[in-house]
Amino acid sequence: MATTEHPTSATGTHSRALDGLRAVAVLAVILFHLGLFQPGWLGVPVFFVLSGHFITRTLLQHADAPRGQRAKDFFRNRALRLVPLYLVFCAGLTVLAACGGGGRSLPGDLPYIWTWTYNLRPLLPGYTPNGLVLYNHVWSLGLEVQVYLVWAALVLGLSRRSLVRTMPALVLAGPALRVLAWLLLTAAGTSGAGAVQGVYLLPFSYLDAFAVGACVALPEIRARLPRPAVVVAVTLGAVLVVSLVAVLTGLARTHRVPTDLGWPNMLGAGAGWIWQYSMIALAAGAITYALSTPGHAARAFGSAPLAWIGKVSYGVYLIHVPLIGLSIALLSRRGSGRAPSAGAPGPVSIVVFLVVLFGLTAISYRWLELPWLRRKRNALSPVTSVEPDHEGAAS
Numbered sequence: 000m001a002t003t004e005h006p007t008s009a010t011g012t013h014s015r016a017l018d019g020l021r022a023v024a025v026l027a028v029i030l031f032h033l034g035l036f037q038p039g040w041l042g043v044p045v046f047f048v049l050s051g052h053f054i055t056r057t058l059l060q061h062a063d064a065p066r067g068q069r070a071k072d073f074f075r076n077r078a079l080r081l082v083p084l085y086l087v088f089c090a091g092l093t094v095l096a097a098c099g100g101g102g103r104s105l106p107g108d109l110p111y112i113w114t115w116t117y118n119l120r121p122l123l124p125g126y127t128p129n130g131l132v133l134y135n136h137v138w139s140l141g142l143e144v145q146v147y148l149v150w151a152a153l154v155l156g157l158s159r160r161s162l163v164r165t166m167p168a169l170v171l172a173g174p175a176l177r178v179l180a181w182l183l184l185t186a187a188g189t190s191g192a193g194a195v196q197g198v199y200l201l202p203f204s205y206l207d208a209f210a211v212g213a214c215v216a217l218p219e220i221r222a223r224l225p226r227p228a229v230v231v232a233v234t235l236g237a238v239l240v241v242s243l244v245a246v247l248t249g250l251a252r253t254h255r256v257p258t259d260l261g262w263p264n265m266l267g268a269g270a271g272w273i274w275q276y277s278m279i280a281l282a283a284g285a286i287t288y289a290l291s292t293p294g295h296a297a298r299a300f301g302s303a304p305l306a307w308i309g310k311v312s313y314g315v316y317l318i319h320v321p322l323i324g325l326s327i328a329l330l331s332r333r334g335s336g337r338a339p340s341a342g343a344p345g346p347v348s349i350v351v352f353l354v355v356l357f358g359l360t361a362i363s364y365r366w367l368e369l370p371w372l373r374r375k376r377n378a379l380s381p382v383t384s385v386e387p388d389h390e391g392a393a394s
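Numbering-wise (numbering that gives the first Met the number 0), the sequence shown opens with residue 0 and increments by one.
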């Protein structure tokens with residue numbers, strides 16, 4: 000590792016625009032879980048790109064400090080950001096299970112939820128999907144924590160020159176890593192659909208997404224990139240081409256526009272799990288690159304409402320799924336909390352849901368999360384009740 004500190008890829012102002020992108024990603028995920036926008040699940044890979052960007056910047060700052068101290072500060076800050084609200088979430092599920100609620104699968108799932116390994120649960124014997132909408136989304140949080148361990152070792156263990164070479168190599172290796180995961184799962188006896196799900200859940204399937212974010216964080220790589228408008232046009236253009244082909248194919252075969260627009264959850268169709276994850280990661284990286292450069296787009300994404308949602312997006316993400324389950328239970332008057340099957344909720348229900356969600360999130364951030372965030376050391380920026388927290392993606 001070089002002993003001199005390199006400049007970060009974005010100032011605090013530009014990171015505010017990235018908070019706006021984080022807000023768009025979490026809103027897309029909410030719309031997906033509400034059954035309103037099927038491609039909305041792609042907000043999760045966008046989180047991973049943003050996380051790769053922020054954690055790489057965090058690990059590279061204060062390069063003159065001992066690596067052990069930088070690693071200690073990094074994991075301490077990550078724990079201060081993630082653990083307090085997550086502990087409350089896990090404790091709530093534990094109490095629910097002790098009272099006989101939460102579904103038959105909850106007691107067996109709790110050890111994995113508590114240990115940030117729920118993404119591995121569906122790949123192990125004895126797994127049964129829980130019919131209640133409560134915690135299925137925490138797989139991505141566990142996956143991200145697992146990647147932190149690898150990422151800290153990479154960024155702190157490699158020299159600056161090796162790191163600059165390794166990150167683009169990881170981007171290119173993404174499809175091969177997913178094929179390798181699929182082959183290993185298939186060899187272990189996992190069915191075709193199960194293997195695709197396994198690719199979706201395993202951490203090294205998204206190493207290219209984290210690496211894309213890291214590339215945008217490294218000035219040496221940014222200096223070689225074309226203008227942001229060109230990069231965005233090429234990557235988003237490729238995404239739109241996939242959607243256009245899917246729409247035209249759907250119209251030709253069924254006379255209907257496919258609701259997933261060519262981006263079905265887990266990308267099982269047409270071996271999309273090999274290459275479409277890379278397309279989304281590159282597009283998200285291009286947008287991150289553009290928003291970390293001064294301009295109209297950065298100002299738009301850095302608007303106060305989006306920046307606020309991005310600031311509290313971790314709470315939004317963690318709270319919204321159990322709130323959906325509770326809403327379904329109340330509306331159905333059966334207390335089942337089962338996923339809806341009769342269509343998407345109406346406008347009034349959506350507005351009420353969002354008001355309650357953001358209200359609970361604001362309370363959580365102010366009274367539970369913020370007191371711990373103020374204890375961070377060597378973060379990218381000081382954490383206050385006004386300024387966004389720039390140090391990680393809320394995935």
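Just so it is clear, CB atoms sit at the ideal spot from N, CA and C, and this is done for glycine as well.
Coarse secondary structure for residue i, derived from DSSP in three states
i, result
"residue 131", "strand"
"residue 179", "helix"
"residue 248", "helix"
"residue 63", "coil"
"residue 344", "coil"
"residue 98", "coil"
"residue 375", "coil"
"residue 14", "helix"
"residue 33", "coil"
"residue 334", "Interpretation of residue 334 is limited by its pLDDT of 43, a score under 50 that renders its predicted location unreliable; no figure is taken from the coordinates."
"residue 302", "coil"
"residue 187", "coil"
"residue 262", "coil"
"residue 85", "helix"
"residue 255", "coil"
"residue 381", "Caution applies to residue 381, whose pLDDT of 45 falls short of 50 and renders its modelled position unreliable; the model cannot decide the point."
"residue 19", "helix"
"residue 117", "helix"
"residue 367", "helix"
"residue 238", "helix"
Through-space distance from residue j to residue i, alpha-carbon basis
i, j, result
"residue 252", "residue 266", "20 Å"
"residue 213", "residue 166", "7 Å"
"residue 129", "residue 227", "43 Å"
"residue 179", "residue 161", "24 Å"
"residue 90", "residue 14", "33 Å"
"residue 366", "residue 269", "47 Å"
"residue 58", "residue 64", "11 Å"
"residue 52", "residue 22", "16 Å"
"residue 34", "residue 343", "5 Å"
"residue 31", "residue 42", "9 Å"
"residue 83", "residue 368", "6 Å"
Where residue i falls, given that 16 or more other Cβ within 10 Å makes a residue buried
i, result
"residue 127", "exposed"
"residue 275", "buried"
"residue 248", "exposed"
"residue 311", "buried"
"residue 389", "Model confidence at residue 389 stands at a pLDDT of 44, short of 50, so the residue's coordinates are unreliable and nothing is read from them."
"residue 77", "buried"
"residue 362", "exposed"
"residue 191", "exposed"
"residue 340", "In this prediction, residue 340 has a pLDDT of 46, which is less than 50 and means its spatial position is unreliable; nothing more can be read from the coordinates."
"residue 295", "exposed"
"residue 350", "exposed"
"residue 222", "exposed"
"residue 245", "buried"
"residue 331", "exposed"
"residue 103", "exposed"
Segment limits, alpha helix (DSSP H) that includes residue i
i, result
"residue 207", "206 to 216"
"residue 108", "105 to 113"
"residue 289", "271 to 290"
"residue 222", "That residue, residue 222, is in no alpha helix (DSSP H); it is neither H nor E in DSSP."
"residue 152", "138 to 156"
Margin query: Assess contact between the stretch 310 to 325 and the stretch 370 to 377, defined as three or more Cβ pairs (one per stretch) separated by less than 8 Å. Is contact present?
Written below: no
Notebook entry, point to check: Per the contact definition of three or more C-beta pairs closer than 8 Å, is the stretch 152 to 160 in contact with the stretch 52 to 71?
Noted result: yes
Check: For the stretch 194 to 213 against the stretch 159 to 176, are there 3 or more C-beta pairs whose distance is under 8 Å?
Finding: yes
Checklist line | Contact between the stretch 186 to 203 and the stretch 36 to 46 (3+ Cβ pairs under 8 Å) | finding: no
Item checked: At least three beta-carbon pairs within less than 8 Å, the stretch 224 to 240 to the stretch 300 to 311 -> no
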